[in-house]
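*Asks:* Structure incoming, see below.
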Amino acid sequence: DAGITQSPRHKVTETGTPVTLRCHQTENHRYMYWYRQDPGHGLRLIHYSYGVKDTDKGEVSDGYSVSRSKTEDFLLTLESATSSQTSVYFCAITDRENTEAFFGQGTRLTVV
Amino acid sequence: AQSVTQPDIHITVSEGASLELRCNYSYGATPYLFWYVQSPGQGLQLLLKYFSGDTLVQGIKGFEAEFKRSQSSFNLRKPSVHWSDAAEYFCAVGAGTGRRALTFGSGTRLQVQP
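Each protein sequence line maps, in turn, to chains G and Y.
Here this note's numbering is used: position 67 in the first sequence is 48, and no number is missing along the way.
Each number in this note's numbering corresponds to the 1-based position in the second sequence with 1 added.
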C-alpha cells in the first residue's frame, strides 16, 4: 500500500467551527489532491498541489482552503464548517499529473 | 472540460456470471482512462488504466477494459464474477496536458448474488 495517512479518520464538528484535515505521505510524490465523495456524485476535486506552496482550485473549492509547506503534508481547512460539507474526504497522490493515483483511507466528517 | 458518465447506478449479477460496467467519457483528444474499485469503508484501488497503444487492457483481479474511440467508451468486463467483487466501481478520465486531476464518474455499485 502507498504510504498515505489521513487524520483524523472520523470527526464530528459543529456548524461554524474551523476544521483541518491532514494528509501525510511517505512516497515523496509531487502531486497531492483532496477529493470529497458524496452519494451520486462520485469523487469531486476540491484542491490540488503540484509542489510545495503550489496549489490550485478544483471543481468544488468554495469554503475550503489548503496549504502545503512540506512535500509530505497537504492540509485541507474548512474555515467555517457548514452542514453541506458533511462528506467523506479522500487524499490522493501521484508522481506525475494524470497518472495512477493512490488514495488514503478517507476521513468521514459530519457537521452538525 | 472532460466529463465521465456511468449510466448504471446499481447492477446485480449472479456469482459466476459475466459482468460489463459501462463508462462513457467526453474529451476532445485521447484521454487517460482509469477504473477504480472501492470496497465499503475503504479507499480506492486502481484496477486498470489506458494511456495509449493496445485498446484492450488487462488489470488486476481478472478485469479487463476496452477503449473504443468511436463510441467514447471504456467499458469494464469480467468473464466470471466472484462474491468478493461486490463493491463500487468508478471510471475516471485524465486530460493529457496541464496540471489537472482526474474527473470521476458517479460510480456503479455491484451486488453479487450467490
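We put the beta carbon where it would ideally sit given N, CA and C, even for glycine.
Model, not experiment: these values are computed from the prediction.
#1: Please identify the residue among Gly44(G), Asp35(G), Asp43(G) and Ser64(G) whose C-alpha is closest to the C-alpha of serine 50(G).
#2: For my contact list, valine 14(Y) and cysteine 92(Y) are in at a C-beta cut-off of 8 Å; report their separation, rounded to the angstrom.
#3: Go ahead and pull the three-state DSSP assignment for glutamine 39(Y).
#4: Am I right that tyrosine 14(G) and leucine 26(G) are in contact with their C-beta atoms under 8 Å? What's the rounded C-beta distance?
#5: Roughly how many angstroms lie between the CA atoms of histidine 5(G) and glutamine 72(Y), to the nearest whole one?
#6: Mind pulling the chain Y residues with CB within less than 9 Å of glutamate 81(G)?
#7: Quick check: the segment 101 to 114 of chain Y against the segment 56 to 70 of chain Y, are at least 3 beta-carbon pairs closer than 8 Å?
#8: Closer than 9 Å, Cβ to any Cβ of chain G: which residues of the segment 54 to 79 of chain Y, in chain order?
#9: Could you check what DSSP says for arginine 49(G) in three-state terms: helix, strand or coil?
#10: For glutamate 53(G), which residues from the same chain have a beta carbon less than 8 Å from its beta carbon, with the 5 sequence-adjacent residues on both sides left out?
*Replies:* To lay it out plainly:
#1: For this step, residue 50(G) is matched to residue 69 along the first sequence. Ranking the options by Cα distance to serine 50(G), first place goes to Asp35(G).
#2: For the purposes of this step, residue 14(Y) is taken as residue 13 along the second sequence, with counting starting at 1. For the purposes of this step, residue 92(Y) is taken as residue 91 along the second sequence, with counting starting at 1. Not quite, the Cβ-Cβ distance comes to about 18 Å (not below 8 Å), so this is no contact.
#3: As a working note, residue 39(Y) is residue 38 in the second sequence. Three-state result, glutamine 39(Y): strand.
#4: The count along the first sequence starts at 1 and reaches residue 14(G) at position 33. The count along the first sequence starts at 1 and reaches residue 26(G) at position 45. Contact flag correct, Cβ pair sits at about 6 Å.
#5: Within the first sequence, residue 5(G) is the residue found at index 24, counting from 1. Within the second sequence, residue 72(Y) is the residue found at index 71, counting from 1. If you take the alpha carbons of histidine 5(G) and glutamine 72(Y), they lie about 40 Å apart.
#6: Sequence index remark: in the first sequence, residue 81(G) carries index 100 (1-based). Those within 9 Å of glutamate 81(G) in chain Y are Phe35, Leu47 and Lys50.
#7: no
#8: none
#9: Here the question's residue 49(G) lines up with position 68 in the first sequence. DSSP places arginine 49(G) in strand when its eight states are reduced to three.
#10: Position 72 of the first sequence, counted from the first residue, corresponds to residue 53(G). Answer for glutamate 53(G): His5, Gln6, Thr7 and Asn9, listed in chain order.
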